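Participant:
In our numbering, the protein residues as written are -18 to 319.
See the structure below:
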């Protein structure tokens, strides 16, 4: 009966309580100082500092150098990569002020060690690990033991406020590492062509170029194609790091939710903030623009970068006049409680 009622409401275009959030801003943006978000850092500074802690240990298959390279590439995607998509849409003049922010010279500085002294559970989980270090704009902790101790079996997450710590990203060790170029004998079910195999073998060089941010749209497509080759049996570190970075900038997930969203689209999205398999999409372009405008105190009306979405006015999507689509109905059905 509930599903029948839902479909009738959808057909009439009258369902509004459940909202999708392709470019929602994470709830913490309403309660925490803006200085804790990388969007604010991007607006007001020319440097982002980061640190990496791997208390479980590191080896040739995954080390801090690998994580650093993927993190740098992901940070460039959220700046240089978003700018590429704005230009590819032919909207350079319209978004000139946003492009000035995204294009400005940005130094990514890795600190030698993370300050984890305010992580009270770290001594319990890793009693031999030295928590002393420097405070960074972004802290990355790669530890299956510590992250699962904090949030059970959640594979990755980003926390803005935990026991008065700086914002930090927590990752389990179990993701595929695309920086480690595979040996010729490695099994690669997603690399079905010689071109794919060559791309996988050249993975480290691809990420080093991406980390510099000096690439074009064709290379951007190549970067995400490479990431997908390593996601045959679960997510790869690069996309997961990039997804969590979206939260670090101030964006929420693209999940359907009945929670109020201050800045949100009403149309389901399918980009990186919805699914770690996907590249940055038009949803993230909308998200970064509305986020930077919000932090800068600027009002703007612009057409969504997602085809068919309509206008975005001061961070809010102007609802379409036509009834909601069957595709939206399919996305909503699983959320209806029996």
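Where a beta carbon is used, it is the ideal one built from N, C-alpha and C, also for glycine.
Values in this document were obtained by computation on a predicted structure and should not be read as measured data.
Use the C-beta contact count for residue 148: other C-beta atoms within 10 angstroms, 16 or more gives buried, fewer gives exposed.
Facilitator: Classification of residue 148: buried, given that the 10 Å Cβ count is 16 or more.
Participant: For residue 43, write down the residues that DSSP places opposite it in a beta bridge.
Facilitator: Bridge partners of residue 43: 40.
Participant: What are the boundary residues of the beta strand (DSSP E) that residue 121 is part of?
Facilitator: Residue 121 -> beta strand (DSSP E) spans 119 to 123.
Participant: Specify, as a first and last residue, the run of the beta strand (DSSP E) that residue 254 falls within.
Facilitator: Unbroken run through residue 254: none, as it is neither H nor E.
Participant: Counting C-beta neighbours from all protein chains within 10 Å, is the total for residue 120 16 or more, i.e. buried, or is it exposed?
Facilitator: Classification of residue 120: buried, given that the 10 Å Cβ count is 16 or more.
Participant: If you count every other CB in all the chains shown that lies within 10 Å of the CB of residue 299, and 16 or more means buried, which is it?
Facilitator: When all chains shown are included, residue 299 counts as exposed.
Participant: For residue 57, which option in 23, 295 and 76 has the closest C-alpha, if you only look at C-alpha atoms?
Facilitator: Among 23, 295 and 76, the Cα nearest to that of residue 57 is on 23.
Participant: Which whole-angstrom value is the C-beta distance of residue 380 and residue 153, which I expect to be below 8 Å?
Facilitator: In the structure displayed, the chain extends from -18 to 319; residue 380 sits before or after that span and is not available.
Participant: Closest by CA to residue 288, which one among 272, 262 and 222?
Facilitator: For the residues 272, 262 and 222, the minimum Cα distance to residue 288 belongs to 262.
Participant: Expressed to the nearest angstrom, what Euclidean distance is found between the alpha-carbon atoms of residue 92 and residue 114?
Facilitator: Their Cα atoms are separated by approximately 8 Å.
Participant: Return the CA-CA distance between residue 45 and residue 117, expressed in angstroms with no decimal places.
Facilitator: Near 16 Å, if we compare the C-alpha coordinates of residue 117 and residue 45.
Participant: Would you call the CB atoms of residue 244 and residue 271 closer than 7 Å?
Facilitator: In contact: residue 244 and residue 271 (Cβ atoms closer than 7 Å).
Participant: Measure the alpha-carbon distance for residue 280 versus residue 79 and round it to whole angstroms.
Facilitator: In a straight line, the C-alpha of residue 280 is about 13 Å away from that of residue 79.
Participant: Since residue 160 and residue 47 are thought to touch, with beta carbons under 8 Å apart, how far apart are those beta carbons, to the nearest angstrom?
Facilitator: Confirmed, Cβ separation roughly 4 Å.
Participant: Note down the Cα distance separating residue 13 from residue 182, rounded to an integer number of angstroms.
Facilitator: Their backbone Cα atoms lie some 43 Å apart in a straight line.
Participant: Rounded to a whole number of angstroms, what is the C-alpha to C-alpha distance between residue 11 and residue 233?
Facilitator: So the alpha carbons of these two residues sit roughly 12 Å apart.
Participant: Using beta-carbon positions only, say whether residue 124 and residue 249 come within less than 7 Å of one another.
Facilitator: Taking 7 Å as the Cβ cut-off, residue 124 and residue 249 do not qualify as a contacting pair.
Participant: Check this for me: beta carbons of residue 19 and residue 230, under 7 Å apart or not?
Facilitator: It is a contact, given that the beta carbons lie within the stated cut-off.
Participant: Helix, strand or coil for residue 299? Go by DSSP, reduced to three states.
Facilitator: Three-state result, residue 299: coil.
Participant: Give the DSSP bridge partners of residue 6, in chain order.
Facilitator: Note: residue 6 sits in a beta bridge opposite 232.
Participant: What are the uninterrupted segments assigned as alpha helix (DSSP H) that are 4 or more residues long and contained completely in the region 71 to 101, given in chain order?
Facilitator: Counting whole runs of 4 or more residues, the region 71 to 101 contains the alpha helix (DSSP H) stretches 77 to 84.
Participant: Which of helix, strand or coil does DSSP assign to residue 33?
Facilitator: Residue state, collapsed to three classes: strand.
Participant: Report, in whole angstroms, the separation of the C-beta atoms of residue 180 and residue 191, which I expect to be a contact under 8 Å.
Facilitator: Not a contact, Cβ separation roughly 13 Å.
Participant: Measuring CA to CA, which of 171, 197 and 235 is closest to residue 212?
Facilitator: When each option's Cα is compared against that of residue 212, the closest is 171.
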